[in-house]
Amino acid sequence: MLTREIARRKTFAIISHPDAGKTTLTEKLLLYGGAIQLAGAVKAKKARAHAVSDWMEMERERGISISTSVLQFPYKGRLLSLVDTPGHADFSEDTYRALMATDAAIMILDCAKGVEAQTKKLFRVCKLRQMPIFTFVNKLDRPGRDPFELIGEVEEVLGIGVYPVTWPISAGGKFRGVYHRERKQVFLFEHVAHGAEIAPMEVVSLDAPELVEALDEEGARQLRDDIELIDAAGDALDKSRLARGEVTPMFFGSAITNFGLPQFLDAFIELMPPPAPRGSDKGPIAPDDDRFTAFVFKIQANMDRAHRDRIAFLRVCSGRYERGMKVHHVRLGRDIRLTNPVQFMAQERTLVDDGFAGDIIGVFDPGLFLIGDTLCGGGSPVRYAPLPQFPPEQFGRVVMLDPMKRKQLKKGLEQLAQEGSVQLFRPPEGREGEAILGVVGELQFDVVKHRLSAEYGVEARIERLSFSLARWVEGEPVPLAELESNLYGYGALDVHGNAVVLFKGDWQLETCAKAFPKTRFVELGGSISPV
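Each residue of the sequence shown is one higher than the one before, counting from 245 in the working numbering.
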């Protein structure tokens, strides 16, 4: 049973440059999976539904994804778990952590823009993990570049082989459907209102007279010539190279009109490998290992405004989880009981009785979890590799506008920092001062202010500071409270109580390092929680 259930699981993320159509594609996967009956575009008009994967109010206002949602839905006997990641570059860290919890990635390309900056950045993470990557070329309902040119760009810029599984079909400048190379069938689609429902399609062969009727002589001949050229140029898809992230199957379509989506989904669930072994301090742990193991990759506060709750998202790596089971919390070194596990579809929660390797489950967090924590269900404990943390690049001091809300501000900032949304630095004990936030991108400051106001009732402003580097202290301690007066930097403590120094530039870091030769100042790039 364990092996069979694990084989059904497909856990993946979607990576793309902002505005390539990631949230729209997410909606349409849910539509085709039967999880929703009507898809709502992100920048929805008032009469239409908002995107169900974007639950935070600010996401709906701005039409972007900021948080990481976890969406689970069935599709043709499989159980798909989509970790819907932030599309904005300022939230790269959240996206990186989400990728660590998945087994494959769908890379979306805009057919007019090709490989963009954020796509390259996220692709590198997938490549480092040797993850299977599936490419979906989107927006073919609009004018775009030649498909052969896009294939060449992916191969050249990203350094990965490309195997086109579907090929776009146009007639009179309009996108009509796709040819499926494996099935050797042509799929012609019909438009439906706003793309909100599953698009009707007609299936014909490449040499059928109906194809000429639909595309005219020139269009049909162009399609046959393209297919002949592709078939002559490449070999069959090598599944072992796909599993290692060396070749990407490429699909063409339009998420907004639903053209090409069922062909993509069907091929994706067949080609995507099941959950793979995961590296730990005791070697790789196989997904069908009898003991339950999992790690925390995300913490989200206030998903349910009514209960002010906090959810820790676990990626199950091996064995079987059963509701109410006792597990060992490796970092704390003690046993805890996991009760009321849930799975999500935006704000809708479903209580689950069990979970298998590949599943993403949410558990109530009373303040026990940090990102990167490992949980084990028996035997000698193992510890999974820590999750990456980005060094902050921008800093700001939080100034509250109402001094009576000090307690709420402290709680709000601590919870947001424990989520990994921002990094929080406080003056060392014995010194007065406001909290300092460190972020990777500017938009994170806006999100913090918005969430402090909406979730904690605290109005605050953020005064920008001139620091550009944060380095954690290892080795011989330094007198944190005295650094600033000697122009060595600003000494502080992070949310876990670790000593950190904020510097205005490399010159200040070098000066401080010379003054304290027995101390190391490190980026802490390899870990989220202290090990």
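All C-beta atoms, glycine included, are put in the ideal place defined by N, C-alpha and C.
Cα-Cα separation, residue i to residue j
i      : j      : result
Ala361 : Cys370 : 15 Å
Lys570 : Arg581 : 4 Å
Leu558 : Leu753 : 37 Å
Glu669 : Phe512 : Contrary to the premise, residue 669 reads as Phe rather than Glu in this sequence. Distance between the alpha carbons of Phe669 and Phe512: 43 Å.
Phe814 : Tyr319 : An answer regarding residue 814 cannot be provided, because it is not within the stretch 245 to 775 covered by the chain.
Gly278 : Glu446 : 21 Å
Val776 : Glu726 : The chain is shown only over 245 to 775; residue 776 falls outside these bounds and no answer can be derived.
Ala264 : Arg322 : 27 Å
Ile474 : Val448 : 20 Å
His261 : Lys762 : 43 Å
Met245 : Glu703 : 53 Å
Trp716 : Gln662 : 17 Å
Glu303 : Asp534 : Residue confidence is low: Glu303 scores 44 on pLDDT, short of 50, so the model does not pin down where it sits. No coordinate-derived value is stated.
Glu472 : Ala520 : 36 Å
Phe496 : Thr267 : 17 Å
Val739 : Lys365 : 28 Å
Ala291 : His435 : Unreliable placement is indicated for Ala291, whose pLDDT of 36 sits below 50; no coordinate value is reported for it.
Ala476 : Lys357 : 27 Å
Glu514 : Lys483 : 11 Å
Arg252 : Leu486 : 19 Å
Ala629 : Pro531 : 16 Å
Gly489 : Ile500 : 28 Å
Arg650 : Lys693 : 15 Å
Ala452 : Leu619 : 57 Å
His332 : Val314 : Because the pLDDT at His332 is just 45, under 50, the model does not fix this residue reliably, and the point stays unresolved.
Val722 : Arg764 : 10 Å
Whole-number beta carbon distance between residue j and residue i, since they are thought to touch under 8 Å
i      : j      : result
Arg564 : Asp598 : 6 Å
Ser498 : Asp646 : Actually they are not in contact, since the Cβ atoms of Ser498 and Asp646 sit about 49 Å apart, beyond 8 Å.
Met494 : Val406 : 5 Å
Met492 : Ile352 : Note that residue 492 corresponds to Thr in the displayed sequence, not to Met. With 8 Å as the limit, Thr492 and Ile352 do not qualify as a contact, their Cβ atoms being about 12 Å apart.
Ala714 : Pro635 : 6 Å
Leu432 : Ala458 : 5 Å
Phe256 : Asp347 : 6 Å
Val560 : Gly602 : 7 Å
Leu696 : Phe639 : That belief does not hold up - the Cβ atoms of Leu696 and Phe639 are roughly 17 Å apart, past 8 Å.
Ile259 : Phe367 : 7 Å
Leu709 : Arg641 : 6 Å
Tyr276 : Leu509 : 6 Å
Cβ neighbour criterion (16 or more within 10 Å) applied to residue i
i      : result
Gln374 : exposed
Met344 : buried
Thr410 : buried
Asn742 : exposed
Lys758 : exposed
Gly733 : buried
Gly247 : Correcting the residue identity first, residue 247 is Thr in this sequence and not Gly. The residue in question, Thr247, is exposed, as its Cβ has fewer than 16 Cβ neighbours within 10 Å.
Asp579 : exposed
Met648 : exposed
Pro387 : exposed
Gly396 : exposed
Leu467 : buried
Asn382 : buried
Lys542 : buried
Gly735 : buried
Asp750 : exposed
Lys522 : Residue identity check: residue 522 is Arg in the sequence provided, not Lys. Result: buried.
Ser325 : buried
Asp460 : exposed
Lys526 : exposed
Residue j beta carbon less than 8 Å from that of residue i
i      : j      : result
Leu631 : Arg341 : yes
Gly656 : Glu699 : yes
Gly417 : Val430 : no
Arg567 : Val596 : yes
Phe380 : Leu273 : no
Gln316 : Gln587 : yes
Val691 : Ser665 : yes
Phe760 : Glu720 : yes
Phe503 : Ala443 : yes
Lys428 : Leu394 : no
Pro412 : Phe419 : yes
Ile250 : Pro517 : no
Ser414 : Gly463 : yes
Gln659 : Arg554 : yes
Ile529 : Ser562 : yes
Chain B within 8 Å of residue i, Cβ atoms only
i      : result
Lys428 : Here there is only one protein chain, and chain B is not present.
Inside the segment 606-687 only - alpha helix (DSSP H) runs reaching at least 4 residues: Counting whole runs of 4 or more residues, the segment 606-687 contains the alpha helix (DSSP H) stretches 650-663.
Ignoring anything shorter than 3 residues, give me the beta strand (DSSP E) runs that lie fully in the segment 706-764, in order along the chain. The DSSP assignment places complete beta strand (DSSP E) segments of no fewer than 3 residues inside the segment 706-764 at 713-719, 734-737, 743-747, in order along the chain.
What residue ranges within the segment 401-446 form continuous beta strand (DSSP E) runs of no fewer than 3 residues, ordered along the chain? With a minimum length of 3 residues, the continuous beta strand (DSSP E) runs that stay inside the segment 401-446 are 405-408, 410-415, 418-424, 429-433.
Could you tell me which whole beta strand (DSSP E) segments of length 3 or greater appear in the segment 361-402? Listed in chain order, they are 377-382.
Which ranges would you report for the beta strand (DSSP E) in the segment 246-275 if only whole runs of at least 3 residues count? Segments of the beta strand (DSSP E) lying fully in the segment 246-275: 253-259.
Note down, one range per segment and in chain order, each alpha helix (DSSP H) of at least 4 residues found wholly within the segment 497-583. Listed in chain order, the complete alpha helix (DSSP H) runs (minimum 4 residues) inside the segment 497-583 are 505-515.
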